[in-house]
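Trainee:
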Amino acid sequence: MPSTSLPASAVSLPLADWYRGAARDLPWRRPRFHEDFGAWGTLVSEFMLQQTPVNRVIPHLEAWLDRWPTPAAMAAASTSDVLQQWANLGYPRRALWLHRAAVEITERHGGVVPKDVDALLKLSGIGDYTARAVAVFAYGDRHPVVDTNTRRVMARAILGQAQPGPPSRRDLELMDSLLPADVAESAVFNAAAMELGATVCTARSPRCEICPLVGVCAWVAAGRPDTGDTRRRQATFEGSDRQARGAALRILRAAAPDAVLIDSVLAEWPDPLQRDRAIDSLIADGLAEADGEMLSLPR
DNA sequence: CATGCGTGGGC
DNA sequence: TGCCCAAGCAT
Numbered sequence: 001m002p003s004t005s006l007p008a009s010a011v012s013l014p015l016a017d018w019y020r021g022a023a024r025d026l027p028w029r030r031p032r033f034h035e036d037f038g039a040w041g042t043l044v045s046e047f048m049l050q051q052t053p054v055n056r057v058i059p060h061l062e063a064w065l066d067r068w069p070t071p072a073a074m075a076a077a078s079t080s081d082v083l084q085q086w087a088n089l090g091y092p093r094r095a096l097w098l099h100r101a102a103v104e105i106t107e108r109h110g111g112v113v114p115k116d117v118d119a120l121l122k123l124s125g126i127g128d129y130t131a132r133a134v135a136v137f138a139y140g141d142r143h144p145v146v147d148t149n150t151r152r153v154m155a156r157a158i159l160g161q162a163q164p165g166p167p168s169r170r171d172l173e174l175m176d177s178l179l180p181a182d183v184a185e186s187a188v189f190n191a192a193a194m195e196l197g198a199t200v201c202t203a204r205s206p207r208c209e210i211c212p213l214v215g216v217c218a219w220v221a222a223g224r225p226d227t228g229d230t231r232r233r234q235a236t237f238e239g240s241d242r243q244a245r246g247a248a249l250r251i252l253r254a255a256a257p258d259a260v261l262i263d264s265v266l267a268e269w270p271d272p273l274q275r276d277r278a279i280d281s282l283i284a285d286g287l288a289e290a291d292g293e294m295l296s297l298p299r
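With the first letter of the first sequence counted as 1, position 79 gets the number 79 in the UniProt record's numbering; the numbers rise by one all the way through.
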């Protein structure tokens, strides 16, 4: 399946060497972080990192864990407080799911973040990436961790493609085939592949001059061809329902814990139908609550 | 399998 | 400026 005749170690060894010298000093990579927050800290960080850049996550993560240092502490919080604390991290449904996961961990796992991938996958808001990220980065187990960075690195270095295709189960199989047999080495490999994709093998301007894999990269060997791009493009944000939802929720966060008159929310929005649709969908999603003429974050 | 879902920074 | 992108998930 991999279009390479090189052994997997030809990729993993230089990557591990590079990572030891080049890894960024991020909060969740400091030993103290795990002493204080354990797997819960990892889980919270992974939720926040789902589609939100590292630099915007860091201050929010520290504030979050100061306020709710355990799953049980967060499980006891109100939805309103959770959504306010989530602030402007984006995709606020993640805050709802994280809250639900905290309740599930408290009720079903005695307040301890599960270590088993299948148990993690059953928690709200946790999918293939987050489940394995927690198992690997919090507990040190051996699993393929595949995110957008990893998929891009594999697409280029192994498959010789400029960009990865749509996410697929095959990504997990390919990453698994590259994983070192040693447990500790496999964890480093997962982290290093992500780090390389985030800082060197980037989507727009890959810095092949400094890449530790330049000697084995299938894409470089082929002359960095433009192999096409089948990635899904984001829908235009300007004028979208998402924009309206975001604007409405921003108003509710600012007013919380108070409610506001529904009629006052987005009263000047250019498209009244879209404005109504946004508010109705926020309520349906559990991100807002209507009480008579008033609208607020859910209690 | 395709789509909807926030927010802000970089080029 | 406008577009692209960012440690995905649920449906």
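Ideal placement from N, C-alpha and C gives every residue a C-beta, glycine not left out. Just so we're clear, the structure is a prediction, and the values are computed from it rather than from any experiment.
#1: Do you know how far the Cα of D241 is from the Cα of R277?
#2: Under a three-way DSSP split, which group does L26 fall into?
#3: Alpha carbon to alpha carbon, how far is S45 from A256?
#4: From S281 to G160, what does the alpha carbon distance come to, in whole angstroms?
#5: Kindly indicate which residue of N190, R299, R232 has the alpha-carbon position closest to the one of A23.
#6: Verify whether the separation of the beta carbon atoms of V117 and R132 is less than 8 angstroms.
#7: Among A248, G197, F33, which has the Cα closest to the Cα of L61?
#8: Hey, out of H99, R100, Y129, A135, whose CA is closest to P114's CA?
#9: Under 6 angstroms Cβ to Cβ from T130, same chain only, skipping five residues before and after it: list those, please.
#10: Just checking, does the stretch 154-170 make contact with the stretch 65-80 on the three C-beta pairs under 8 angstroms criterion?
#11: Hey, out of G38, S80, M48, whose CA is closest to A254's CA?
#12: Taking the alpha carbon of R67 as the point to measure from, which residue in A267, G41, N55 has its own alpha carbon closest?
#13: Who does V153 pair with in a DSSP beta bridge?
#14: What is the residue span of the alpha helix (DSSP H) that E268 lies within?
#15: What residues are listed by DSSP as bridge partners for V260?
#16: How many angstroms separate the CA atom of L6 from the CA atom of L13?
#17: What do you get for A288, buried or exposed, if any count of 16 or more other CB atoms within 10 angstroms of its CB means buried?
#18: Please go through the same chain and pick out, in chain order, the residues whose beta-carbon is closer than 8 angstroms to the beta-carbon of I58, but skip the five residues on each side of it.
#19: Quick check on DSSP: helix, strand or coil for E62?
#20: Using a Cβ-Cβ cut-off of 6 angstroms (strictly less than) and excluding sequence neighbours within five positions of G140, which residues of its own chain qualify?
#21: On the DSSP bridge assignment, give the partners of E289 in chain order.
#22: In this structure, does DSSP put Y19 in helix, strand or coil?
#23: Within this structure, are the beta carbons of L15 and L196 separated by less than 8 angstroms?
#24: Using C-beta distances below 7 angstroms, list every residue in its chain close to T106, excluding the 5 sequence neighbours before and after it, in chain order.
#25: Taking its Cβ as the centre, do 16 or more other Cβ atoms sit within 10 Å of M1, making it buried, or is it exposed?
#26: Please report how far the alpha carbon of M294 lies from the alpha carbon of V260, in whole angstroms.
#27: Please identify the residue among V265, V11, H99 whose C-alpha is closest to the C-alpha of L123.
#28: Return the residue from the list L273, R233, M154 that minimises the CA-CA distance to V214.
#29: Give the list of continuous beta strand (DSSP E) stretches no shorter than 3 residues that lie fully inside the UniProt domain "HhH-GPD" (48-199).
#30: Measure from the alpha carbon of A39 to the alpha carbon of each residue in A63, D229, L89, G111, then state which is nearest.
#31: Measuring CB to CB, does A248 end up less than 8 angstroms from L266?
Mentor: With the structure as the only source:
#1: For R277 and D241, the gap between their C-alpha atoms comes out near 8 angstroms.
#2: Residue state for L26 is assigned as coil, using DSSP reduced to three classes.
#3: Cα to Cα, the separation comes out at about 25 angstroms.
#4: Here the alpha carbon of S281 sits roughly 42 angstroms from the alpha carbon of G160.
#5: Residue N190 is the option with its Cα nearest to A23.
#6: Judged by their CB atoms, V117 and R132 are nearer to each other than the 8 angstroms cut-off.
#7: Out of A248, G197, F33, F33 has the C-alpha closest to the C-alpha of L61.
#8: A check of alpha carbon separations from P114 across H99, R100, Y129, A135 identifies A135 as the nearest.
#9: Result list for T130: E46, in chain order.
#10: Short answer: they don't touch.
#11: Distances from the CA of A254 to each of G38, S80, M48 were compared; the closest alpha carbon is that of S80.
#12: Among A267, G41, N55, the Cα nearest to that of R67 is on G41.
#13: V153 is not bridged by DSSP to any residue.
#14: Counting along the chain, E268 sits inside no alpha helix (DSSP H), nor does DSSP assign it H or E at all.
#15: BP columns for V260 point to L295.
#16: Roughly 12 angstroms between the two C-alpha positions.
#17: Answer is buried; the Cβ neighbour count reaches 16.
#18: If you ignore the 5 residues before and after I58, its C-beta comes within less than 8 angstroms of the C-beta of L26, P27, all in its own chain and listed in chain order.
#19: Helix, per DSSP.
#20: Result list for G140: A187, in chain order.
#21: Beta-bridge pairing links E289 to S296.
#22: Under the three-state reduction of DSSP, Y19 is assigned to helix.
#23: By the CB criterion at 8 angstroms, L15 and L196 fall inside the cutoff.
#24: Only P71, A72, A75 meet the Cβ criterion.
#25: With a pLDDT of 46 at M1, under the threshold of 50, the modelled position of this residue cannot be trusted, and the question is left open.
#26: About 5 angstroms.
#27: Of the candidates V265, V11, H99, H99 places its Cα closest to the Cα of L123.
#28: Scanning L273, R233, M154 for the CA closest to the CA of V214 turns up M154.
#29: Here no run is fully enclosed.
#30: Of the candidates A63, D229, L89, G111, the one whose C-alpha sits nearest the C-alpha of A39 is G111.
#31: Their beta carbons are under 8 angstroms apart, which means A248 touches L266 by this criterion.
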